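Since the structure comes first, as structure tokens, the remarks are kept for the end.
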Amino acid sequence: MKIALTTLLLFCSVGLWAAPYGGRVYVDANANRRYDKGEKLLSGVSVTDGLNVVQSDASGNFSLDGHPNARFVYISLPSGYRCEDYYLRIDSTRAHYDFALQAADPASVKADGTHRFVHISDTHIFDIERTAADGHAVSTRQLRDYVANEHIAFVVHTGDITREGFATYRDFLNNRNMPTSQVFFCVGNHDLGEGAYGEERFEQYFGPTYYSFNVGNVHYIVTPMPVGDGRPTYNNESIGEWLKNDLKYVPEGTPIIAFNHSVHSGDGHFRFGSKEKGFIDLADRNLKAWLYGHWHNHRMFKYDGSDVQMICSNGVAGVTYDHSPASYRVLSVSPDGTLASELRYPYLDKRVAIASIGNMQAPVLPDGGVPLSVNAYSSVSPVTAVRCRYTVGGKTYSLRTGLERRTDFNWYGTLPLEAAHDGQTVTVDVQALFGNGEVSNVREVFVYHRQPADTVRLAKDWTNLLQNSSHVTDVLDTLSTPLRLAWVQNVGANLFLTTPILYEGMVYAGSMDDNGSGRASVTCMDAASGEIRWKYPLRNSVRSSIAATAGVVFAQDIQGYLYAIDAREGTLKWEKDLKMDKHVPLDNGLVTTDGVVYAGTGSSLCAVEAATGRTLWQNNGWGTDHGSSITFAVRNGIITGHAFWEANYANDARTGERLWRIDRYDYDGQMTMSSSSAAMYDQYQYMISGNSLIILDSRSGKPIVQKQYDFPLKNTSTPLVTDSEIIFGTTDRGVVAVDRESLEVKWNFRTGRAMLYTVPTHIDPGAVVETSPVLSGDNVFIGASDGYLYALDRRTGLLRWSHCTGAPVLGTVAVSGNALYAVDFSGNVYCFVGEIDKDKRN
61 MKIALTTLLL FCSVGLWAAP YGGRVYVDAN ANRRYDKGEK LLSGVSVTDG
111 LNVVQSDASG NFSLDGHPNA RFVYISLPSG YRCEDYYLRI DSTRAHYDFA
161 LQAADPASVK ADGTHRFVHI SDTHIFDIER TAADGHAVST RQLRDYVANE
211 HIAFVVHTGD ITREGFATYR DFLNNRNMPT SQVFFCVGNH DLGEGAYGEE
261 RFEQYFGPTY YSFNVGNVHY IVTPMPVGDG RPTYNNESIG EWLKNDLKYV
311 PEGTPIIAFN HSVHSGDGHF RFGSKEKGFI DLADRNLKAW LYGHWHNHRM
361 FKYDGSDVQM ICSNGVAGVT YDHSPASYRV LSVSPDGTLA SELRYPYLDK
411 RVAIASIGNM QAPVLPDGGV PLSVNAYSSV SPVTAVRCRY TVGGKTYSLR
461 TGLERRTDFN WYGTLPLEAA HDGQTVTVDV QALFGNGEVS NVREVFVYHR
511 QPADTVRLAK DWTNLLQNSS HVTDVLDTLS TPLRLAWVQN VGANLFLTTP
561 ILYEGMVYAG SMDDNGSGRA SVTCMDAASG EIRWKYPLRN SVRSSIAATA
611 GVVFAQDIQG YLYAIDAREG TLKWEKDLKM DKHVPLDNGL VTTDGVVYAG
661 TGSSLCAVEA ATGRTLWQNN GWGTDHGSSI TFAVRNGIIT GHAFWEANYA
711 NDARTGERLW RIDRYDYDGQ MTMSSSSAAM YDQYQYMISG NSLIILDSRS
761 GKPIVQKQYD FPLKNTSTPL VTDSEIIFGT TDRGVVAVDR ESLEVKWNFR
811 TGRAMLYTVP THIDPGAVVE TSPVLSGDNV FIGASDGYLY ALDRRTGLLR
861 WSHCTGAPVL GTVAVSGNAL YAVDFSGNVY CFVGEIDKDK RN
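In the numbering used here, the protein residues as written are 61 to 902.
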């Protein structure tokens, strides 16, 4: 009897967890979410319980055996279909699970399998009440519009939504409010927690944490973050066992693309399983790419010897760490699974500006024509064409062809004005056409002067951020306003947190290319005319300052390569692999002084002889796991900088010995949350960080002053110290001047709403200024993320002059003689000239 009872109990127990789950997969033609006679039944669709995988038969039916930890029955969505509920939670009261599929947007996948998808990550929603009205809501609505306008196949979010915002974000982005596309979610480390097991709350809103789907010719695989704020029930072995079963139905040679919140290996292999049950390595199964987030930056690279493309994307609303622009990444997938990238930026509603015309004047080319540089962008649809007509002398003309695209923001053409038009008023009308059928118009008026009133006359070189290695400018000439635009040149790629440098009559700019499309370069232009003299291609983006000394221009890319380029010839003199950690982008700027270039960061920080490339010392006093956009400062034998989220450091500039370290939590946690490059005045250094202005003793690191304000200062603006003010940009208040003695706010110039959000953890709206102020006479020159250059009265903050670029200005200006040089995100380099007030000297 006992044996029989035990057997019966065991049979019942096994029956409870091993009960079969059955159902059908069909096309829900009338969208009533139930199977109706005559609706198409789908065979060959993989169905899983998280371990076992079977395929639906010719009648669309399937049957699963189940397993003890099964919580969902779900499908591997086939190409050409979408499904509001591709997963169904297991319910002990039912054993039948039907999957109602709808036909996907037929334009989203071409006949050869080509398609596009959107990658977003790390939205980090915490403040639910604010979220309903802030940049998350706006950017997600624009994302949905873009997906519909552009026939995007699917959207994937690679984690850290996070827990507090699950319900809110699911309302923003789900398969019901995106009826032409599909949405998939990964679990991030901060999505784990709050429940009986780590992934319970995530599952409540977003379903299983590992699964697959198919689009075009590609099999996509989602795997979960292995660790986090809570302990998950899955492990590498359970994922590996499911993965083996999933791939049994995927033909050998099928392109595979994988998604995860982060990267769990550093060798180009992606292994799941265990020693006991064996491993499966996706790198052996034609893995084309691994897409992830977690690091809050834009990154594209391959491991040495690997063909797998590693692609990191940051938060669409603005949760960045290394100042990477808030954006989402659009991936175009070829028939063989090869990816091409395009970054798209939120918050821009059909913005159009004529960057080369303003203040009733325009530059003139040597042949008498007028350059027409137009910056145009919309978040919900790409610009397809830019047209122009102009009126002069009572007649209206149209350019025979539209303007030529130079970058994602910029379009270029020439107005062919003649000598007969000299002195006449010209009205220029520009129209931008967008892919969704919308248009936007802008008009500018100027007086045509065939001969420029003044020519460029340079004085001192400007070889570093803020001219020199201490980031304290020495501008003797006083440049008066208003300024006149002498020339504008586009380098063919975005220009980020980089200052134009002036060296021996030339101007140089280092460009960014976070899409891996081969556009990153250092470009040399004639400082007087803007003519491009040479362009040297780089492997990857330059995200911060370049520098020059000893006849050489230096740049370092985010991959960790240091380039020494002959300033005149544009040829490579030498280069050095700084051996950066593949996961950590080298966002820092360069600094040069006394024939030495200081490059890298953390353990790759080094001093190198500029002329020869000989390493003078290598830092072994500290390391870093995060990118940081600061430029090191050097003065009096000290080099100082910081590692984001970790600490501030100073090293002996002659030996590399670490002098001091200030931990991120010191001084109320304000020091290293996100500080600017330091300005080193005498024995002190000035910086902003968190919500504080900080003054340190450079030799000891001892804080002299930490003044906290009621506004954030997470931006990269280096403070300008005058005889009576300290002036700096802010995260959301524009430009602020504080009294040098009391440190109380003296004036505040509010710039416009940012076009692009780059400041860590700050989202729309905000009046962001990432650039550093430059003083010439009583004019403070500064650019802003609202797409304007400004001249402000340094004593009152009153506006004296401005110029609309129509693209975010993220690089600090350079001033020499009668000229001011600026860059914008569209890739434009500008030269403005003005009168020099000979009665005033700085």
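We put the CB at the ideal spot given by N, CA and C, even for glycine. Because the structure is a prediction, the values reported are computed rather than measured.
*Segments assigned beta strand (DSSP E), at least 3 residues, entirely inside the region 446-512*: 455-458, 470-475, 485-494, 499-507
*Under the assumption that residue 751 contacts residue 773 (Cβ atoms under 8 angstroms), give the Cβ distance between them as a whole number of angstroms.*
About 5 angstroms separates the CB atoms of residue 751 and residue 773; that is less than 8 angstroms, so the two are in contact.
*asked:* For residue 407 and residue 304, I'd like the C-alpha separation in whole angstroms.
replied: Those two C-alpha atoms are separated by around 43 angstroms.
*Using 10 angstroms around the beta-carbon of residue 455, count the other beta-carbons present and answer buried if the total reaches 16, otherwise exposed.*
exposed
*asked:* Could you tell me the alpha carbon to alpha carbon distance between residue 835 and residue 540, rounded to whole angstroms?
replied: 11 angstroms
*asked:* Taking its Cβ as the centre, do 16 or more other Cβ atoms sit within 10 Å of residue 891, making it buried, or is it exposed?
replied: buried
*Given a threshold of 16 other Cβ atoms within 10 Å of its Cβ, counted over all protein chains shown, does residue 867 qualify as buried or as exposed?*
buried
*Between the C-alpha atoms of residue 806 and residue 799, what's the straight-line distance to the nearest angstrom?*
6 angstroms
_Short of 6 angstroms in beta carbon distance, which residues of its chain neighbour residue 441, apart from the five on each side in sequence? Order them along the chain._
209, 494, 495, 496
*Under three-state DSSP, which class holds residue 296?*
helix
*Identify, in the order they occur along the chain, each residue of the same chain with its Cβ nearer than 6 angstroms to the Cβ of residue 884, setting aside the five sequence neighbours on each side.*
Within the same chain, residue 884 has close Cβ partners 865, 867, 869.
*Among 439, 421, 631, which has the Cα closest to the Cα of residue 388?*
439
_Element boundaries [alpha helix (DSSP H), containing residue 810]_ = Premise fails: residue 810 is in no alpha helix (DSSP H) and is neither H nor E.
*Pick helix, strand or coil for residue 67, following the three-state DSSP scheme.*
Any reading at residue 67 must be qualified, since the residue scores a pLDDT of 37, below 50, and its modelled position is unreliable; no value is offered.
*Based on the DSSP output, what are the partners of residue 603 in its beta bridges?*
Bridge partners of residue 603: none, in fact.
*asked:* Quick test of your reading: residue 695 and residue 530, contact by CB under 8 angstroms. State the CB separation rounded to the nearest angstrom.
replied: 4 angstroms
*Where do the N-terminal and C-terminal ends of the alpha helix (DSSP H) with residue 229 fall, by residue?*
226-232
*Can you give me the Cβ contacts of residue 675 inside the same chain, cut-off strictly under 6 angstroms, excluding the 5 residues immediately before and after it?*
666, 668
*Is it right to say residue 755 is buried, meaning 16 or more other beta carbons lie within 10 angstroms of its own, or is it exposed?*
buried
*asked:* For residue 702, report the span of its beta strand (DSSP E) as first-last.
replied: Segment 698-703, the beta strand (DSSP E) holding residue 702.
_Contact between the region 633-644 and the region 509-516 (3+ Cβ pairs under 8 angstroms)_ = Counting Cβ pairs under 8 angstroms, fewer than three are found: no touch.
*Mind reading off the beta-carbon distance from residue 651 to residue 524? Whole number of angstroms is fine, and I expect it under 8 angstroms.*
6 angstroms
*Can you tell me which of the three DSSP states residue 355 falls into?*
Assigned with DSSP and collapsed to three states, residue 355 falls in coil, not helix or strand.
*Classify residue 383 as helix, strand or coil using the three-state DSSP reduction.*
coil
*asked:* Looking at residue 332: is its Cβ nearer than 7 angstroms to the Cβ of residue 299?
replied: In this structure, residue 332 lies near residue 299, with their beta-carbon atoms less than 7 angstroms apart.
*Using DSSP bridges, identify the partner residues of residue 748.*
753
*Return yes when the Cβ of residue 363 is within less than 7 angstroms of the Cβ of residue 328, no when it is not.*
yes
*Where residue 741 and residue 761 are concerned, what is the direct C-alpha to C-alpha distance, given to the nearest angstrom?*
Looking at the two C-alpha atoms, the distance is approximately 14 angstroms.
*Bounding residues of the alpha helix (DSSP H) (the contiguous stretch that carries residue 113)*: That residue, residue 113, is in no alpha helix (DSSP H); its beta strand (DSSP E) goes 113-115.
_Among 821, 717, 318, 475, whose alpha-carbon lies nearest the alpha-carbon of residue 759?_
Of the residues 821, 717, 318, 475, the one whose Cα lies closest to the Cα of residue 759 is 717.
_Sheet register partners of residue 888 (DSSP bridge)_ = 550
*Entirely enclosed beta strand (DSSP E) segments - the region 560-631, minimum 3 residues*: 561-563, 566-570, 581-586, 592-597, 607-609, 612-616, 621-626
_Going residue by residue through the region 137-191, where are the continuous alpha helix (DSSP H) segments of at least 4 residues, counting only ones entirely within it?_
Fully enclosed alpha helix (DSSP H) runs of 4 or longer: 188-191.
*With a cut-off of 8 angstroms, do at least 3 Cβ pairs link the region 698-706 to the region 611-626?*
no
*asked:* Going by beta-carbon coordinates alone, are residue 361 and residue 642 separated by less than 7 angstroms?
replied: In contact: residue 361 and residue 642 (Cβ atoms closer than 7 angstroms).
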